[in-house]
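Undergrad: Here's a structure for you.
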Amino acid sequence: RGEEVWLIASFGMILIFMFITGYQTFALGMGPPSHQETIDPQQVDETAPFDNPGVKKIADNEYEVVMTLQLFNFTPSEIEVPAGATVHFILTSKDVTHGFQVADTNINAMVMPGYIQKITQTFDESGSYLVLCNEYCGAGHQAMSTTIKVT
Ligand code: CUA
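Note that the UniProt record's numbering numbers the sequence shown so that position 111 is 115, with each residue one more than the last.
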């Protein structure tokens, strides 16, 4: 009798822990964010705005940076925006999950195939900002980097 009680109790504990872990994953947004727009990863080059990646001025002091991430680089590799401008990054991956981390900023995002990641940032200081992939994506992961020039 006593053993059954303990067996049931330990099963209950396991279920509770599984529930907590699952809840944290979704509630804290660690899983794929369901609010992100989706895209066919096979059709990125043919799908706007990714058919024309680059920096575009969309308003006074406001820019849009459309980028694709793929093994093992960022397209375009040359990005230049003015200091103090509002910059909207629109990102997607053409293959596996990559990371988009920009040194000296709070930008640290996951860029997954099938999803469009959007990040808005203002660079207050001019300089060269290092962009790194911080999700292990294969043999060339360490070399996957670029820079954003803020002038
Ligand atoms: Cu891309 Cu690591």
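Glycine included, C-beta positions come from ideal geometry on N, C-alpha and C. Note that the structure is a prediction, hence the values are computed from the model and not measured.
Could you tell me which whole beta strand (DSSP E) segments of length 3 or greater appear in the stretch 46-88?
TA: 58-63, 66-74, 77-79 and 82-85
Undergrad: If the criterion is Cβ atoms closer than 8 Å, does the pair Thr90 and Thr126 meet it?
TA: Counting from 1 along the sequence shown, the entry for residue 90 is found at position 86. Counting from 1 along the sequence shown, the entry for residue 126 is found at position 122. Contact flag set, yes.
Undergrad: Count the other C-beta atoms from every protein chain shown that fall within 10 angstroms of the C-beta of Glu82, then say buried if there are 16 or more, exposed otherwise.
TA: As a working note, residue 82 is residue 78 in the sequence shown. So Glu82 counts as exposed.
Undergrad: Leaving out five residues on either side along the sequence, give the residues of the same chain with a beta carbon under 7 Å from the beta carbon of His145.
TA: Looking up residue 145 in the sequence shown gives position 141. Correct list, in chain order: Phe76 and Cys137.
Undergrad: Starting from His102, trace the beta strand (DSSP E) both ways and give me its first and last residue.
TA: Taking the first residue of the sequence shown as 1, we reach residue 102 at position 98. Per DSSP, His102 belongs to the beta strand (DSSP E) from His102 to Val106.
Undergrad: Given 7 Å as the limit, tell me if Tyr140 has its C-beta closer than that to any heavy atom belonging to the ligand CUA.
TA: For this step, residue 140 is matched to residue 136 along the sequence shown. Checking the Cβ of Tyr140 against the ligand CUA gives yes.
Undergrad: Assuming the contact rule is C-beta atoms closer than 8 Å, Pro57 and Thr72 should be a hit. Round their C-beta distance to whole Å, please.
TA: Within the sequence shown, residue 57 is the residue found at index 53, counting from 1. Within the sequence shown, residue 72 is the residue found at index 68, counting from 1. The beta-carbon separation of Pro57 and Thr72, rounded to 6 Å, stays under the 8 Å limit for a contact.
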